[in-house]
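Asker: Structure below; questions to follow.
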Amino acid sequence: AGFINIVKSRAAGAGSNRINWRGKTLGKILKSPPAELKKIREANLTVEGFAKYKEAKALFPTTLPSFTPLLAEYGAIKSLIRITKELPADRVIRYLQDNDIHIRSYEDHLELLGKTGSKRNSGNLYPENFAQKHMELVRLYESNKKRYIDEDIKKAAGKVAKIEYSSGNLQITAAKNSEELSEESCYLGHCVKMYADKIADGRTYIFFIRKKDKPDKPYYTLELNPRMEVVQCRGEHNCSMSDEVKAFVNE
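So for the sequence shown, the working numbering puts the first residue at 2; every next one is plus one.
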């Protein structure tokens, strides 16, 4: 009776190389010993759920079939891999299962610990009341968000400092804080001020192109992706690059 979902999903056309449909016994069909079969029966997994469980178990041997619902979230296993690079897999999986915590939510929690500079002690890593502790971190982050973002933007600028240069009548510098982005947006009439989070997260880089004789006056704004490829370069009211700016950017 505990395998009814596997039977139903198989009848609906679901398949998986984790299952040997030509096996003569349940153990051979599910490639599992008796003790594991009992737990699989209790979890009543679908074919897809069984495949997720086996994938996770191959990476984390202590994974139980009952942990499978938490693996259903998109990207859950990849998140778990990232999490367990810094924390013990057995304890994390047990904590998540015992407290019914989504894997992606827990990864967000760890990220907030880092962004807020909170201690990575047991009380913060494995809180008794996860929802309450997580909300405390969210409020702490929101109350200091601009400072955290500006710190990350400054770090991003440091990573691409080598790109800052001058040639002819133009020079280029990386955005170093959200205030600079707001000033750029206000003067040129475009939306680069909305890019602060993307820069802080390392998803993009913003540079200011200026005329040498007017270094404080916004002229053009350049966006590069993490591979240092040009995404866009816009001037006042999102105008396209002049020939001079285009030649400068392509140097």
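Backbone N, C-alpha and C fix where the C-beta goes; we use that ideal spot for every residue, glycine too. This one's a predicted model, so the numbers in the text were calculated from it and none came from an experiment.
Is the separation between the beta-carbon of leucine 171 and that of lysine 212 shorter than 9 Å?
Answerer: Their beta carbons are under 9 Å apart, which means leucine 171 touches lysine 212 by this criterion.
Asker: For histidine 135 and histidine 110, what's the separation of their Cα atoms in angstroms?
Answerer: If I take the Cα positions, the gap works out to 6 Å.
Asker: Pull up the CB-CB distance for lysine 53 and threonine 63, whole angstroms please, since I reckon it's below 8 Å.
Answerer: That pair is no contact at about 16 Å.
Asker: Please determine, among Leu225, Ile5, Ala36, Ile7, the residue with the shortest C-alpha to C-alpha distance to alanine 157.
Answerer: Minimum Cα distance to alanine 157 is reached at Leu225.
Asker: Straight-line CA distance for leucine 223 to glutamate 245?
Answerer: If you take the alpha carbons of leucine 223 and glutamate 245, they lie about 14 Å apart.
Asker: Please confirm whether alanine 175 and valine 161 have their CB atoms less than 9 Å apart.
Answerer: Closer than 9 Å, so yes.
Asker: Determine the contact status of lysine 32 and asparagine 21, defining contact as a CB-CB distance below 9 Å.
Answerer: The answer is yes: Cβ separation under 9 Å.
Asker: Please list the terminal residues of the continuous beta strand (DSSP E) segment that includes glutamate 230.
Answerer: No beta strand (DSSP E) holds glutamate 230; DSSP gives it neither H nor E.
Asker: Should isoleucine 150 and serine 179 be called a contact, given that it needs their Cβ atoms to be closer than 9 Å?
Answerer: Yes, they are a contact pair.
Asker: Return the residue from the list Ala44, Arg23, Arg19, Ala15 that minimises the CA-CA distance to phenylalanine 4.
Answerer: Looking at the Cα atoms, Ala44 is the closest of the given residues.
Asker: For alanine 57, which option in Gly28, Glu129, Ala15, Asp91 has the closest C-alpha, if you only look at C-alpha atoms?
Answerer: Per the Cα distances, Asp91.
Asker: Residues in its own chain within less than 6 Å of arginine 23 by CB, not counting five upstream and five downstream?
Answerer: Around arginine 23: no qualifying Cβ.
Asker: Buried or exposed for threonine 47, please, with buried defined as at least 16 other CB atoms from any protein chain shown within 10 angstroms of its CB.
Answerer: Result: buried.
Asker: Label alanine 12 either buried or exposed according to how many other C-beta atoms from any shown protein chain fall within 10 Å of its C-beta, with 16 as the threshold for buried.
Answerer: Counting Cβ neighbours within 10 Å, alanine 12 comes out exposed, since fewer than 16 surround it.
Asker: Would a C-beta distance cut-off of 9 Å place tyrosine 188 and glutamate 237 closer than the cut-off?
Answerer: Yes.
Asker: Taking a contact to mean a Cβ-Cβ separation below 9 Å, would you say tyrosine 221 touches isoleucine 210 in this structure?
Answerer: The answer is yes: Cβ separation under 9 Å.
Asker: Measuring alpha carbon to alpha carbon, tell me which residue in Pro66, Tyr107, Asp101, Asp99 is nearest isoleucine 82.
Answerer: Closest option to isoleucine 82, Cα to Cα, is Tyr107.
Asker: Alpha helix (DSSP H) containing lysine 215: first to last residue?
Answerer: Careful: lysine 215 lies outside any alpha helix (DSSP H) and carries neither H nor E.
Asker: In chain order, what residues of the same chain lie with their CB nearer than 8 Å to the CB of asparagine 145, ignoring the 5 residues before and after it?
Answerer: Same-chain partners within the cutoff: Thr117.
Asker: Please classify glutamate 224: does DSSP put it in a helix, a strand, or coil?
Answerer: In the structure shown, glutamate 224 sits in a strand (DSSP, three-state: E or B).
Asker: So, for glutamine 98: in the same chain, excluding its five sequence neighbours on each side, which residues have a beta-carbon less than 8 Å away from its beta-carbon?
Answerer: These residues qualify, in order along the chain: Leu65, Ser67, Phe68, Leu71.
Asker: Could you pull the DSSP bridge partners for threonine 26 from this structure?
Answerer: According to DSSP, threonine 26 bridges with nothing at all.
Asker: Mind checking which residues open and close the beta strand (DSSP E) that includes isoleucine 173?
Answerer: 171 to 175 is the extent of the beta strand (DSSP E) around isoleucine 173.
Asker: Name the two residues that bound the continuous alpha helix (DSSP H) containing serine 10.
Answerer: Looking at the DSSP string, the run of the alpha helix (DSSP H) that includes serine 10 is 5 to 12.
Asker: Suppose only complete runs of 4+ residues qualify. What are the alpha helix (DSSP H) ranges in the stretch 18 to 77, listed by chain order?
Answerer: Within the stretch 18 to 77, the complete alpha helix (DSSP H) runs of at least 4 residues are 27 to 30, 35 to 44, 48 to 60.
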